[in-house]
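What follows is a single structure, written as C-alpha cells, with notes after it.
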Amino acid sequence: MPATGIAISAVYCPPRHNINKEQFTNYFKTLGSKFVSAGDFNAKHTYWGSRLITPRGRQLLETVMSNNLDAVSSGHPTYWPTDLNKIPDVIDFADNFSNPLKDRLPVLKAVIKNLNPKKSPGRDKITNTMIVNLPSVALKTILFIFNSMLRTGYFPSTWKQSEIVMISKPGKDVTQSKDSQLASLRVVYLGHFYIYCTLQICLQIHLRTHPHLLMIQHFLSIHKHPEVASQQLQTHIADLEKWLHKWKINVNASKSVHITFTLRQKNCPPISINGVTIPEQRQVRYLGIHLDRRLTWTHHIAAKITQLKIRTSQLYWLMGSHSSLSLDHKVLLYKAALKPIWLYGIQLWGSASASNVEKLQRRQSKILRLITCAPWYIRNNNIHKDLNITTIREEIKKSCTSYTAKVTDHPNPFARDLLLFEGHRRLKRVHTF
Numbered sequence: 014m015p016a017t018g019i020a021i022s023a024v025y026c027p028p029r030h031n032i033n034k035e036q037f038t039n040y041f042k043t044l045g046s047k048f049v050s051a052g053d054f055n056a057k058h059t060y061w062g063s064r065l066i067t068p069r070g071r072q073l074l075e076t077v078m079s080n081n082l083d084a085v086s087s088g089h090p091t092y093w094p095t096d097l098n099k100i101p102d103v104i105d106f107a108d109n110f111s112n113p114l115k116d117r118l119p120v121l122k123a124v125i126k127n128l129n130p131k132k133s134p135g136r137d138k139i140t141n142t143m144i145v146n147l148p149s150v151a152l153k154t155i156l157f158i159f160n161s162m163l164r165t166g167y168f169p170s171t172w173k174q175s176e177i178v179m180i181s182k183p184g185k186d187v188t189q190s191k192d193s194q195l196a197s198l199r200v201v202y203l204g205h206f207y208i209y210c211t212l213q214i215c216l217q218i219h220l221r222t223h224p225h226l227l228m229i230q231h232f233l234s235i236h237k238h239p240e241v242a243s244q245q246l247q248t249h250i251a252d253l254e255k256w257l258h259k260w261k262i263n264v265n266a267s268k269s270v271h272i273t274f275t276l277r278q279k280n281c282p283p284i285s286i287n288g289v290t291i292p293e294q295r296q297v298r299y300l301g302i303h304l305d306r307r308l309t310w311t312h313h314i315a316a317k318i319t320q321l322k323i324r325t326s327q328l329y330w331l332m333g334s335h336s337s338l339s340l341d342h343k344v345l346l347y348k349a350a351l352k353p354i355w356l357y358g359i360q361l362w363g364s365a366s367a368s369n370v371e372k373l374q375r376r377q378s379k380i381l382r383l384i385t386c387a388p389w390y391i392r393n394n395n396i397h398k399d400l401n402i403t404t405i406r407e408e409i410k411k412s413c414t415s416y417t418a419k420v421t422d423h424p425n426p427f428a429r430d431l432l433l434f435e436g437h438r439r440l441k442r443v444h445t446f
C-alpha cells in the first residue's frame, strides 16, 4: 500500500475480553496515520449514540480523544438482541455517506433560480441577473469548480472578503461618518449558502438580551426523576462533544457549572464532559442574572443591593446633602446610573417573593431620601409621588405588561413560544406573564 494511502480494517472485540486503552492505542498505531477501522467494538458510550456507557466504551473514548480520532456512527441501533428483555443499542461504528461530488446540476439551477435580482454585487461586481442568464455550459463549469473545491478542500480567499459601503441614515447629516451605517457586501452567489443563527441578538430589530434570558429553558433537561434528567443532559453533552471535537474547540470543564433547579434536597447525578466531571453549585450567574437552586432570586436581589450600595457611595458627592446639583439633576442621575442596576432582568426576578422585593424597595427609598434630604416624618410614598418615581412593585407590573405585549408580536418564534405555558405554576409566585 502506498505511504499516502488509507488503511481499511475490520474489527471484532469479543464482549468477555478485557481490552484497555493501551491495547486500543497499539492497534490504531499499526494502521498508520490515515485509516478507517469499522466493525463490532462491543463498546457502548453516549458519545456515539449508545444509551449506556460501559467500561470498554470509556476506554475507547479516551483512546479516541487522546489520538484525535473521529468516531463515525449512524446513531441508530446496530445490535438487535434475541432476548425480548434487552433493548437494541449502538455497538458498531459504520455509516454511509452520499457522494458529494456527483452531478448536482439540478440543485445548482434551483439555487440560481431563487436568487434575488435586486441584491447588490460584491467585489467582483457580478450581479444575480448575470448569473441567472448564464448558459448551461457556464453552469457546468461553475459546478466543476465547486466540486473541485470540495475535493481539494481549497476555497478562494476572495470569497472570504467583502466590500464595505456606507449607507446614510434617514434624516442624518450625510457628511458625518457617525451618522452612516456600515454594510458588508459579499459575493452574491454565495448568499444562499450562508447560515445565519435564528437567535441573533444584534443587527436585528426588537432583539435584546431578555429573550435569551427567558429562553434558558431550551438548555434545561426537565424530568421528575433526577436520574432520567441527568441521562438526557449527558446525551446532549455527548452530541456537543462531537461538535466541539469536529471544530477543534477545547472546553474547560472546571469552569463549567452544573446546577439542579428543584425544591427537593436530592441532587441530580453528576454530569461529565470529555471525561471530566462538571462541578455542581447551588447558584450560578448567567448573563448578569444570579440563578439559585430554588429560583427564589434571593442571591440576585442581594447582589443588586450590594451594587447599589457601592454605586451610591461613589456618587455621594453628587447626590448627598452637600451637592450643588439641583433636585431634578439628582433624580436624573438616579435614573441613569442607579436604577438600571436593579431594573435589568426584571421580567425574570419580578416573580420573587414580597419579602425579597421589599428589600430592594427599602434600598430605593433610602436613596431617594438621600437625594431629597427629607426629614424623618415624610412618608416614602409621598417622596415617590413628588419625584414621579414608581415603586419596585409598580415597575415590575409595568415592565412585564409591556414586555408581554412585545413578545406577542416578536419576530423571533422562540420568543413568542414563551407565552405558551403548559403546566402548573411553582408555589404561589407572582405571575410576571
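Add 13 to the 1-based position in the sequence shown for my numbering, that's all there is to it. C-beta: ideal position from N, C-alpha, C; glycine also.
Q: Return the chain-ordered list of same chain residues with a C-beta closer than 7 Å to the C-beta of L383, the five sequence neighbours on each side being excluded.
A: Counting only Cβ-Cβ distances below 7 Å, and skipping sequence neighbours, we find M332 and G333.
Q: Sort C386, K411 and Y390 by Cα distance to L400 and report the nearest one.
A: C386
Q: Classify F54 as helix, strand or coil using the three-state DSSP reduction.
A: Reduced to three states, the DSSP call for F54 is coil.
Q.
Please return the same chain residues whose Cβ sits closer than 7 Å to the Cβ of K42, not counting the five positions on each side in sequence.
A. none
(Q) Taking 9 Å as the threshold (C-beta atoms), are S50 and Y60 in contact? (A) In this structure, Y60 sits away from S50, with a CB-CB distance that is not shorter than 9 Å.
Q.
Please report the straight-line C-alpha distance between L118 and I155, rounded to a whole angstrom.
A. 10 Å
Q.
Bridge partners for I354 per DSSP, in chain order?
A. Secondary-structure assignment with DSSP links I354 through no beta bridge to anything.
Q. How would you label W355, buried or exposed, when you count the other beta carbons within 10 angstroms and need 16 or more for buried?
A. It is buried - the Cβ of W355 has at least 16 other Cβ atoms within 10 Å.
**Q.** Cα-Cα separation between L321 and M162, rounded to whole angstroms
**A.** 57 Å
**Q.** Helix, strand or coil at Q194 [DSSP, three-state]
**A.** Looking at Q194 - three-state DSSP - the assignment turns out to be strand.
(Q) At the level of alpha carbons, what is the spacing between T76 and C281? (A) 28 Å
**Q.** Presumed contact (8 Å Cβ cut-off) between T38 and N80, rounded CB distance
**A.** Approximately 7 Å separates the beta-carbon atoms of T38 and N80; this is inside 8 Å, confirming the contact.
Q: Could you tell me which residues DSSP pairs with S22 in its beta bridges?
A: S50
Q. If we count the other Cβ atoms within 10 Å of its Cβ and call it buried at 16 or more, is Q174 buried or exposed?
A. exposed
(Q) Suppose you measure from the CA of M228 to the CA of N31; what does that come to, to the nearest Å? (A) Since pLDDT at M228 reaches only 46, below the 50 mark, its modelled position is unreliable, and the value read off the structure follows with that caveat. Straight-line Cα distance between these residues: approximately 45 Å.
Q.
Between which residues of its own chain and P27 is the CB-CB distance below 8 Å, once the five residues before and five after are set aside?
A. Result list for P27: N55, in chain order.
Q.
For T290, which residues in the same chain have their Cβ closer than 8 Å to its Cβ, ignoring the five residues on either side in sequence?
A. A266, P283 and I284.
Q.
Please classify R69 as buried or exposed, where buried requires at least 16 neighbouring CB atoms within 10 angstroms.
A. buried
Q: Specify the secondary structure class of D305 as computed by DSSP and reduced to three states.
A: strand
Q: Could you round the C-beta distance between G358 and I323 to whole angstroms and report it? I think they count as a contact, below 8 Å.
A: Rounded, the Cβ-Cβ distance is 19 Å, inconsistent with contact.
**Q.** Close-in-space but distant-in-sequence residues of the same chain around N263 (CB under 8 Å, 5 per side omitted)
**A.** Taken in chain order, the residues that qualify are L257.
**Q.** Residue(s) in a DSSP beta bridge with Y390
**A.** Y390 pairs with nothing; no bridge assigned.
Q. Exposed or buried, S415, counting other C-beta atoms within 10 Å across all chains shown (16 or more means buried)?
A. exposed
Q: Output the distance between the C-alpha atoms of W172 and R136, rounded to the nearest integer angstrom.
A: 9 Å
**Q.** Pairwise C-alpha distance: K132 and K126
**A.** Taking the straight line from one Cα to the other gives about 14 Å.
Q: Counting only the same chain and skipping the five closest in sequence on each side, list residues whose C-beta sits under 7 Å from that of H313.
A: I302, H303 and W362
Q) DSSP on S86, reduced to helix/strand/coil? A) Coil at S86, not helix or strand.
Q. Among V297, N129, S336 and Q377, which has the Cα closest to the Cα of H397?
A. Considering only alpha carbons, the answer is Q377.
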